[in-house]
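Chemist: Pasting a structure here, questions to come.
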Ligand code: PGA
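In our numbering, the protein residues as written are 1198 to 1445.
The following block contains the structure:
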């Protein structure tokens, strides 16, 4: 069974609500395709206007983060029910920037992944090594540990619908894309790890993206690799170039 590609934009802390509407109106015709799932993960305050602007198009609006509790005294956080109430179906979990600047750990990532599934939201689970780890030769060990903890207590049926984003930290926002062979090597190891945790069918079904300086000229080669099912795109998702990436 062929996996459908999924190309997601990660807007990070960019775009005011009015800028978001403008960008979606610009990109709407450029990303129109049935061949891939197209998701824009946007800042929380942009979600509702982005949903409105994307209405009638193939663009799905996702979130960049959510909390792992249902509700309550967690000032500043956004709950899963707040997301589902407005129709959000995807949420990025454990982006390396959240791990680095907001103290997220493999354990909180696991809690968030479980909570997302509980609410029927598809998590885009991020993993990725630092440059030091790559140079030390521990990339695959490190990623396997991130994946194993992120998927603790997640059922096979849930895991089949999950998305994993492999994003080497040294490639994020640096203009230094991993080579397609480097990306394929790790994505294939992630799929093997899912196969060990669950089974062959789950490994075959789960979608694995590459992220880190993906642009219009690198997308085609990356997405042609057998274990790369699309991309998580930061900088280039804010430009008309995103249309070229989606239509690689
Ligand atoms: P980048 O970001 O494409 O700007 O490198 C990717 C990401 O962090 O998801």
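For glycine and all other residues, C-beta sits at the position ideal for the given N, C-alpha and C.
Note down, in chain order, each residue of its chain lying with its Cβ closer than 8 Å to the Cβ of residue 1283, except the 5 sequence neighbours on either side.
Modeler: Taking the first residue of the chain shown as 1, we reach residue 1283 at position 86. So the list reads 1244, 1245 and 1248, once near-sequence residues are dropped.
Chemist: Compare the C-alpha of residue 1328 against each of 1299, 1298 and 1374 and name the closest.
Modeler: Residue numbering aside, residue 1328 sits at position 131 when the chain shown is read from its first letter. Checked all of 1299, 1298 and 1374; the closest Cα to residue 1328 is 1374.
Chemist: Can you tell me the Cβ-Cβ gap for residue 1419 and residue 1362, rounded? I've got them flagged as a contact below 8 Å.
Modeler: To locate residue 1419, count along the chain shown from 1; it is residue 222. To locate residue 1362, count along the chain shown from 1; it is residue 165. 12 Å between Cβ atoms; not a contact.
Chemist: Taking 7 Å as the cut-off, is the C-beta of residue 1429 nearer than that to any heavy atom in the ligand PGA?
Modeler: Mapped onto the chain shown, residue 1429 falls at position 232. Within the cutoff, so yes.
Chemist: Taking contact to mean at least 3 C-beta pairs separated by less than 8 Å, is the stretch 1212-1232 in contact with the stretch 1261-1278?
Modeler: Contact between the stretch 1212-1232 and the stretch 1261-1278 is absent, because fewer than three Cβ pairs lie under 8 Å.
Chemist: Would you call the stretch 1406-1423 and the stretch 1391-1398 in contact, with 3 or more CB pairs under 8 Å?
Modeler: no
Chemist: Give a single yes or no on whether residue 1369 has its beta carbon closer than 7 Å to a heavy atom of the ligand PGA.
Modeler: Position 172 of the chain shown, counted from the first residue, corresponds to residue 1369. For the ligand PGA, at least one heavy atom lies less than 7 Å from the Cβ of residue 1369.
Chemist: What residue range is occupied by the uninterrupted beta strand (DSSP E) comprising residue 1237?
Modeler: Counted from its first residue, the chain shown places residue 1237 at position 40. Element bounds for residue 1237: 1233-1239.
Chemist: In terms of residue numbering, what span does the alpha helix (DSSP H) encompassing residue 1213 cover?
Modeler: One-based indexing of the chain shown puts residue 1213 at position 16. Run containing residue 1213: none; DSSP gives neither H nor E here.
Chemist: When DSSP builds the beta bridges, which residues end up paired with residue 1319?
Modeler: In the chain shown, residue 1319 corresponds to position 122, counting from 1. The partner list for residue 1319 (beta bridge, DSSP) reads 1287.
Chemist: Name the residue from 1214, 1401, 1265 and 1216 whose alpha carbon lies nearest to the alpha carbon of residue 1303.
Modeler: As a position in the chain shown, residue 1303 is number 106, starting the count at 1. Per the Cα distances, 1265.
Chemist: Tell me, to the nearest whole angstrom, how far the beta carbon of residue 1435 is from that of residue 1211; I am working on the premise that it is less than 8 Å.
Modeler: Taking the first residue of the chain shown as 1, we reach residue 1435 at position 238. Taking the first residue of the chain shown as 1, we reach residue 1211 at position 14. About 6 Å separates the beta carbon of residue 1435 from that of residue 1211, a gap short enough to meet the 8 Å contact definition.
Chemist: Compute the minimum distance between the beta carbon of residue 1211 and the heavy atoms of the ligand PGA, and state whether it is under 7 Å.
Modeler: Counting from one through the chain shown, the residue named residue 1211 turns up at place 14. Every heavy atom of the ligand PGA is 7 Å or more from the Cβ of residue 1211, so no.
Chemist: Hey, out of 1293, 1433, 1320 and 1290, whose CA is closest to residue 1403's CA?
Modeler: Indexing the chain shown from 1 puts residue 1403 at position 206. Checked all of 1293, 1433, 1320 and 1290; the closest Cα to residue 1403 is 1320.
Chemist: Between the Cα of residue 1299 and the Cα atoms of 1263, 1310 and 1269, which residue gives the shortest distance?
Modeler: The sequence position of residue 1299 within the chain shown is 102, counting from 1. That would be 1263, whose Cα lies nearest to the Cα of residue 1299.
Chemist: Ignore the nearest five residues each way along the sequence and tell me which others in residue 1339's own chain have a CB closer than 6 Å to its CB.
Modeler: Residue numbering aside, residue 1339 sits at position 142 when the chain shown is read from its first letter. Within the same chain, residue 1339 has close Cβ partners 1326 and 1330.
Chemist: Shortest alpha-carbon distance to residue 1199 belongs to which of 1215, 1443, 1427 and 1279?
Modeler: The residue given as residue 1199 occupies position 2 in the chain shown. Measuring from the Cα of residue 1199, the nearest candidate turns out to be 1427.
Chemist: At a cut-off of 7 Å, would you count residue 1411 as near the ligand PGA, judging by its Cβ distance to the nearest heavy atom?
Modeler: Here the question's residue 1411 lines up with position 214 in the chain shown. It does: the Cβ of residue 1411 is within 7 Å (strictly closer) of some heavy atom of the ligand PGA.
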